[in-house]
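Trainee: Mind looking over this structure? Questions follow.
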C-alpha cells in the first residue's frame with residue numbers, strides 16, 4: 001500500500017461514489033466494505049444519516065479511481081439494497097508515507113509516518129501491532145500506544161543536540 005505513496009503527490013481522476021441506504025441489515029457493512037477495498041477502492045466509509053420519513057440509514061461513500069467505477073457499481077448494487085448512486089469527481093492530496101520500527105518494553109511496533117515537503121507532519125503507531133502486543137502482555141492498549149509514540153519521538157534528533165541527549169527519562 002505504501003508503495004503508491006512513497007512521494008507526496010496529488011492524485012487526479014478520482015471519484016466518490018455515494019448512495020443512501022435505509023433498508024439494509026447494518027451487519028452487512030463490514031463485508032461490503034471489505035469487498036470494495038479488495039476490488040481497489042481507496043477508501044470506504046459509512047455515515048449514519050436520517051432519511052425521509054425519519055428512517056435511520058447510512059450514506060455509503062466509496063473513493064476510487066475513475067477506471068474502477070464499473071467494478072465498484074457492481075459490488076454496491078449486488079451487495080446492498082440501493083437503487084441508485086451519485087458521483088462526485090475529485091482529486092486527493094497524498095503525503096509521502098513510510099514505516100519506522102520502534103522498540104518498546106514489549107517488542108517492536110511499526111509506526112506509520114507522513115511527510116510533507118521533506119518534514120514529518122504526522123505519525124501513528126500501527127493499531128494492529130499495538131493491539132496484538134497489548135493482548136499478548138495483558139496490558140492496556142493505550143499503554144502500548146503511548147510507548148510506541150515515545151519510541152518514535154526518541155528516534156528523532158533535536159536540532160543542535162545529539163540524538164541520545166533527547167531521551168525521555
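Numbering (full-length UniProt numbering), first residue to last: 1 to 169. Every residue gets a Cβ at the ideal spot worked out from N, C-alpha and C, and that includes glycine. Note that the structure is a prediction, hence the values are computed from the model and not measured.
1) I need the straight-line Cα distance from residue 153 to residue 68, nearest angstrom please.
2) CA-CA distance, residue 51 and residue 109?
3) Using the C-alpha atoms, what's the distance from residue 100 back to residue 136?
4) Looking only at its chain, what residues have a beta carbon closer than 6 Å to the beta carbon of residue 144, apart from the 5 residues adjacent to it on each side?
5) Which runs of the beta strand (DSSP E), 3 residues or longer, sit entirely within the region 9 to 39?
6) Mark residue 151 as exposed unless 16 or more other C-beta atoms lie within 10 angstroms of its C-beta, in which case mark it buried.
7) Would residue 59 and residue 47 qualify as a contact pair, given that the criterion is a beta-carbon distance under 7 Å?
8) In angstroms, rounded to a whole number, what distance separates the CA positions of residue 90 and residue 13?
9) Can you name the start and end residues of the alpha helix (DSSP H) that residue 137 belongs to?
10) Just list the residues that DSSP pairs residue 98 with in beta bridges.
11) Is the distance from the Cβ of residue 16 to the Cβ of residue 61 below 7 Å?
12) Among residues of its own chain, excluding the 5 on either side of residue 29, which ones have a beta-carbon nearer than 6 Å to its beta-carbon?
13) For residue 42, name the three-state secondary structure that DSSP assigns.
Mentor: Based on what the coordinates show:
1) 40 Å
2) 43 Å
3) 22 Å
4) 130, 133, 134
5) 9 to 21
6) buried
7) yes
8) 7 Å
9) 127 to 137
10) 113
11) yes
12) 46
13) coil
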